[in-house]
Amino acid sequence: MDHKDKIRYARHIIIPQIGARGQEKLMKSKVFVLGAGGLGSPALFYLAASGVGCKAQGGYIKLCDNDTVEITNLQRQIIHETSDIGRNKAESAKDSIADLNSDINVRVMKERINKENIIESIKDCDLVIDGSDNYETRFLVNDACIELKIPLISAAILKFEGQIAAFRPYLSEDSPCYRCLYEDVPPEGTMPNCSTNGIVSPVAGIMGSMQALYAINIITGNDEGLDGFLTVFDSRKNEFRKVKLVKEKGCGCN
């Protein structure tokens, strides 16, 4: 870490629980971010601002999104601008990150995640942030993270509410995974989504920012109390609730 880095990340470094050593961990980390949408936008901004994936330290952010920017996205997907409409979201987000912190190495993946490429895509990463918007992808990412023993930070948003959890079932016999929360992919059309039910834009910002915060805490070792809980946010009541998760038998992480 050079003098410029010490100035840039001074507000991290002066925190005893992070310090220079923790900041170097952030800069050297390799984080996979799935989706540059409502959750991915704030998560990516805060990861980059924090120095996660610094190219000089051998780190990177691997950003996967095969979608293109549409005008309806701009209500909440703050990493994109009006001039980006029609562009691939990963490429658009990469440019925004470069404007914020050109030291960050962003690796763009524009193909859709599937069973054939998921393991190869995340196997070298230290952590996965799932900002996808469908259950099939969430289960796919969960199963791959279990196989590779990679921390997974999963979040979801709808209307006025959001939820987030960190899954590391390899840590202990009691640590749950995503399948302990949802057993399997629900039948198509049975679950609400943002496209048909809406989302209040700042809720996406709050939950995506929390994903970045969880990632920073895990990377720097300030992660006490993350595992085994689902945090639910209700913006109308201005209320956060922590729900204890129970590891289910036969969930896939046993």
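Under our numbering, the letters of the sequence shown match residues -7 to 246, in that order.
Every residue gets a Cβ at the ideal spot worked out from N, C-alpha and C, and that includes glycine.
These numbers come from a predicted model, not from an experiment.
- Taken atom to atom, the span from the alpha-carbon of lysine 107 to that of threonine 129 is near 9 angstroms.
- Counting only the Cα atoms, alanine 157 lies some 12 angstroms from arginine 171.
- Remark: C-beta atoms of alanine 40 and valine 25 do not approach each other more closely than 8 angstroms.
- Just so you know, the alpha carbons of lysine 141 and isoleucine 105 end up roughly 18 angstroms apart.
- The count of Cβ pairs closer than 8 angstroms, one atom from the stretch 152 to 167 and one from the stretch 231 to 245, reaches three, so the stretches are in contact.
- Considering only Ile63, Ala204, Gln67 and Glu165, the residue with the shortest C-alpha distance to cysteine 243 is Glu165.
- Per DSSP, threonine 223 lies in no alpha helix (DSSP H); the unbroken beta strand (DSSP E) holding it starts and ends at 221 to 226.
- Lysine 17 and isoleucine 211 do touch by the CB rule: their CB atoms are close to 5 angstroms apart, below 8 angstroms.
- Note: serine 146 is bridge-paired with Asp122 and Ala157 in the DSSP secondary-structure output.
- The alpha carbon of glycine 220 has as its nearest neighbour, out of Leu205, Ser201, Asn230 and Glu240, the alpha carbon of Glu240.
- Lysine 236 sits in a strand when the DSSP states are folded into three classes.
- Per the Cβ contact rule, the stretch 74 to 81 is in contact with the stretch 51 to 66 (3 or more Cβ pairs under 8 angstroms).
- Only residues of its own chain outside the window of five on either side were considered, and among them Asp95, Ile96 and Asn97 have a CB closer than 8 angstroms to the CB of lysine 47, listed in chain order.
- Taking C-beta separations shorter than 7 angstroms and ignoring five residues to either side along the sequence, the partners of glycine 50 in its chain run Lys20, following chain order.
- For lysine 81, the enclosing alpha helix (DSSP H) stretches over residues 81 to 92.
- Around the beta carbon of glutamine 67, a 10 Å sphere encloses fewer than 16 other beta carbons of the protein chains shown; the residue is thus reported as exposed.
- Counting only the Cα atoms, tyrosine 162 lies some 43 angstroms from threonine 74.
- Annotation: the continuous alpha helix (DSSP H) that includes lysine -2 extends over -5 to 0.
- Apart from the 5 residues on each side of it in sequence, asparagine 209 sits with its Cβ closer than 6 angstroms to the Cβ of Asp215 in its chain, given in chain order.
- Here the C-alpha atom of isoleucine 53 lies approximately 14 angstroms from the C-alpha atom of lysine 102.
- In the structure shown, arginine 104 adopts coil according to DSSP, grouped into three states.
- Here DSSP, grouped into helix, strand and coil, assigns arginine 99 to strand.
- One alpha carbon belongs to isoleucine 7, the other to threonine 188, and they sit about 43 angstroms apart.
- A Cβ-Cβ distance of about 14 angstroms is found for the pair isoleucine 121 and alanine 196, leaving them out of contact under the 8 angstroms criterion.
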